[in-house]
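Protein chains: 2
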Amino acid sequence: MVETKPSGPGTGEPGSARQRILDTASRLFYESGIQAVGVNTLAARAGVTKVTLYAHFGSKDGLVAAHLAERDRRWRETLERASAGRETTEQRLAAVFESYEEWTVADGFRGCGFVNAGVELTAADHPGREVIERNKEGTRTWLAEIAEAAGCSDPSDVAEEWFLLLEGAVVRATLRRDATPLHRAHRAALRLLREETGG
Amino acid sequence: MVETKPSGPGTGEPGSARQRILDTASRLFYESGIQAVGVNTLAARAGVTKVTLYAHFGSKDGLVAAHLAERDRRWRETLERASAGRETTEQRLAAVFESYEEWTVADGFRGCGFVNAGVELTAADHPGREVIERNKEGTRTWLAEIAEAAGCSDPSDVAEEWFLLLEGAVVRATLRRDATPLHRAHRAALRLLREETGG
DNA sequence: GACTTTACATACCGGTTTGTATAGTTACAA
DNA sequence: TTGTAACTATACAAACCGGTATGTAAAGTC
Numbered sequence: 001m002v003e004t005k006p007s008g009p010g011t012g013e014p015g016s017a018r019q020r021i022l023d024t025a026s027r028l029f030y031e032s033g034i035q036a037v038g039v040n041t042l043a044a045r046a047g048v049t050k051v052t053l054y055a056h057f058g059s060k061d062g063l064v065a066a067h068l069a070e071r072d073r074r075w076r077e078t079l080e081r082a083s084a085g086r087e088t089t090e091q092r093l094a095a096v097f098e099s100y101e102e103w104t105v106a107d108g109f110r111g112c113g114f115v116n117a118g119v120e121l122t123a124a125d126h127p128g129r130e131v132i133e134r135n136k137e138g139t140r141t142w143l144a145e146i147a148e149a150a151g152c153s154d155p156s157d158v159a160e161e162w163f164l165l166l167e168g169a170v171v172r173a174t175l176r177r178d179a180t181p182l183h184r185a186h187r188a189a190l191r192l193l194r195e196e197t198g199g
Numbered sequence: 001m002v003e004t005k006p007s008g009p010g011t012g013e014p015g016s017a018r019q020r021i022l023d024t025a026s027r028l029f030y031e032s033g034i035q036a037v038g039v040n041t042l043a044a045r046a047g048v049t050k051v052t053l054y055a056h057f058g059s060k061d062g063l064v065a066a067h068l069a070e071r072d073r074r075w076r077e078t079l080e081r082a083s084a085g086r087e088t089t090e091q092r093l094a095a096v097f098e099s100y101e102e103w104t105v106a107d108g109f110r111g112c113g114f115v116n117a118g119v120e121l122t123a124a125d126h127p128g129r130e131v132i133e134r135n136k137e138g139t140r141t142w143l144a145e146i147a148e149a150a151g152c153s154d155p156s157d158v159a160e161e162w163f164l165l166l167e168g169a170v171v172r173a174t175l176r177r178d179a180t181p182l183h184r185a186h187r188a189a190l191r192l193l194r195e196e197t198g199g
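As they're listed, the protein sequences go chains A and B.
Read in order, the letters of the first sequence correspond to residues 1 to 199 in UniProt numbering.
Read in order, the letters of the second sequence correspond to residues 1 to 199 in UniProt numbering.
See the structure below:
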């Protein structure tokens with residue numbers, strides 16, 4: 001387990017230097033890619049000197065890892081918020097697919113930030129890799145709990161099939177910028193579910 | 001349509017400078033990512049001077065585009081070779097999923113080279129983007145022809161569902177290095193097909 | 001023999017990369 | 001009032017980036 005807690009000065013309150021750096025990183029890294037954004041640019045855009053950035057995160061790799069951890073936290077929040085009040089299996093599943101859909105059709109969508117980071121961070125021991133795996137495992141677990149509540153005979157199997165459809169839809173939506181990949185994925189997921197539960 | 005034919009000197013015979021550059025690019029770009037491999041390193045590893053590299057491809061972007069075109073050509077060959085002698089719909093579909101499976105479990109697998117390139121090449125007008133789209137469209141068409149021969153009422157719809165499963169499985173296989181993503185995708189694809197054709 | 005093509009070697013260009021060193025400033029607290 | 005934490009400002013280092021300039025050697029071709 002890697003340290004993801006704040007490791008530098010400051011407490012991370014909104015508007016603090018640390019938070020401004022993380023917000024800027026989130027935007028720039030996602031927009032342009034991690035390697036394409038230098039620490040000079042990043043610090044300047046965050047309204048912070050490079051010295052402050054290094055005081056907080058130690059290295060660019062450290063900042064990348066912290067940025068991914070923050071992104072993971074926000075994604076989990078999104079899932080939980082979208083699932084509020086959804087009770088039946090199909091409603092809870094719809095909440096997930098609708099979250100993905102909103103995301104993929106939003107302005108500036110450029111694929112999954114974790115998958116993208118995984119493509120760029122080829123070093124096997126990069127501190128960000130762990131965060132990527134944790135995020136994917138989190139979503140997989142979320143889906144498995146829905147499949148379990150539905151009474152599927154092999155919940156993790158069904159969850160993984162849903163996950164394949166979701167990940168595939170995100171990839172497809174990156175080229176085809178409309179809602180059809182998510183619609184098709186959702187429909188296919190429902191058919192697989194109903195077949196499984198004998199609906 | 002962008003020029004993808006050889007644009008520099010030489011004919012591209014096996015062992016020629018041009019071919020050596022392309023082979024080296026294919027290996028290094030896939031292994032380490034496009035941005036992480038400089039032209040100095042690339043030329044040195046290909047046993048070629050940088051001047052020769054630029055005489056052949058004009059720019060790094062030009063080399064990237066040529067490399068992607070070559071990769072696309074090889075992928076189409078793989079699909080055709082794997083489908084030789086497959087006659088029924090399920091056999092032809094199996095050929096596709098088996099090709100993906102062999103690929104994802106092979107040593108050094110690091111995701112789809114086209115998707116990865118798409119992540120790295122953020123510039124909308126990069127000459128490689130066109131090749132990426134052409135490749136994805138090629139695979140989609142390949143699947144649609146199978147679905148059509150199967151007598152699906154909406155072949156392109158079914159093909160897209162298969163494609164979602166395949167792309168998702170590739171993404172999942174990048175983290176989970178075994179054959180289960182492809183097995184699951186194949187099984188789900190068959191279930192969706194049989195449902196569609198009322199089998 | 002003159003010319004073209006293809007590739008070589010070497011050296012250089014301006015700019016950018018991550019990361020550090022040093023000094024000064026602001027705010028708050030004991 | 002003195003100290004400390006968090007920050008700014010600037011300058012620098014060493015390496016690397018894509019790309020070019022200059023010149024040479026070895027082939028093939030008219």
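The beta carbon of each residue, even a glycine, is placed where N, CA and C say it ideally should be.
- Using the rule of at least 16 other Cβ atoms within 10 Å of the residue's Cβ for burial, across every protein chain shown, is residue 101(B) buried or exposed? So residue 101(B) ends up on the buried side.
- Along chain B, in chain order, which residues have C-beta atoms closer than 9 Å to that of residue 32(A)? 122
- Relative to the ligand MN, is the shortest distance from any of its heavy atoms to the C-beta of residue 20(B) smaller than 8 Å? Within the structure as shown, the ligand MN is missing, as the structure has no ligands at all.
- Task: May I have the straight-line CA-CA distance separating residue 1(A) from residue 59(B), to the nearest angstrom?
- Result: Note that residue 1(A) has pLDDT 41, beneath the 50 cutoff, so the model's placement of it is unreliable and the number below is only indicative. For residue 1(A) and residue 59(B), the distance between alpha carbons rounds to 42 Å.
- Nearest candidate by alpha-carbon position, reference residue 93(A), set 148(A), 154(A), 53(A), 108(A): 148(A)
- Query: Hey, does residue 180(B) have any beta-carbon neighbour from chain A nearer than 9 Å?
  - Reply: yes
- Item | Inter-residue Cα distance where the pair is residue 23(A) and residue 70(A) | 9 Å
- Message: Between residue 60(B) and chain A, is any beta-carbon pair separated by less than 9 Å?
- Response: no
- Message: Taking CB distances under 9 Å as the criterion, tell me whether residue 157(A) reaches chain B.
- Response: yes
- Message: Closest to residue 96(A) by C-alpha separation, out of 196(A), 187(A), 194(A), 195(A), would be which residue?
- Response: 187(A)
- Specify whether the segment 107–116 of chain B and the segment 48–66 of chain B touch according to this definition: at least 3 beta carbon pairs, one from each stretch, less than 8 Å apart. no
- Query: Taking the alpha carbon of residue 91(B) as the point to measure from, which residue in 40(B), 65(B), 189(B), 46(B) has its own alpha carbon closest?
  - Reply: 189(B)
- Residue closest to residue 17(A), alpha-carbon to alpha-carbon, out of 196(A), 35(A), 43(A): 43(A)
- Message: Less than 9 Å between CB atoms is the rule here; does residue 143(A) satisfy it with respect to chain B?
- Response: no
- Task: Pull up the distance between the alpha-carbon of residue 206(A) and that of residue 118(A), whole angstroms please.
- Result: Since the first residue shown for chain A is 1 and the last is 199, residue 206(A) is missing from the structure and cannot be characterised.
- Item | Nearest-angstrom Cα separation, counted from residue 20(A) out to residue 172(A) | 32 Å
- Message: Please tell me whether residue 80(B) has its Cβ less than 9 Å away from any Cβ of chain A.
- Response: no
- Compare the C-beta of residue 64(B) against all C-beta atoms of chain A and say whether one is closer than 9 Å. no
- Message: Could you compute how far the alpha carbon of residue 30(B) sits from the alpha carbon of residue 50(B)?
- Response: 20 Å
- Query: Listing by chain order, which chain A residues have their CB less than 8 Å from the CB of residue 195(B)?
  - Reply: 191, 195
- Measure the alpha-carbon distance for residue 175(A) versus residue 136(A) and round it to whole angstroms. 22 Å
- Between the CA atoms of residue 40(A) and residue 126(A) - distance to the nearest angstrom: 21 Å
- Task: Tell me whether residue 138(A) sits in a helix, a strand or coil according to DSSP, three-state version.
- Result: helix
- Item | Cα-Cα separation between residue 9(A) and residue 63(A), rounded to whole angstroms | 14 Å
- Task: Enumerate in chain order the residues of its own chain whose CB-to-CB distance from residue 151(A) is below 8 Å, with the five nearest sequence positions on each side excluded.
- Result: 197
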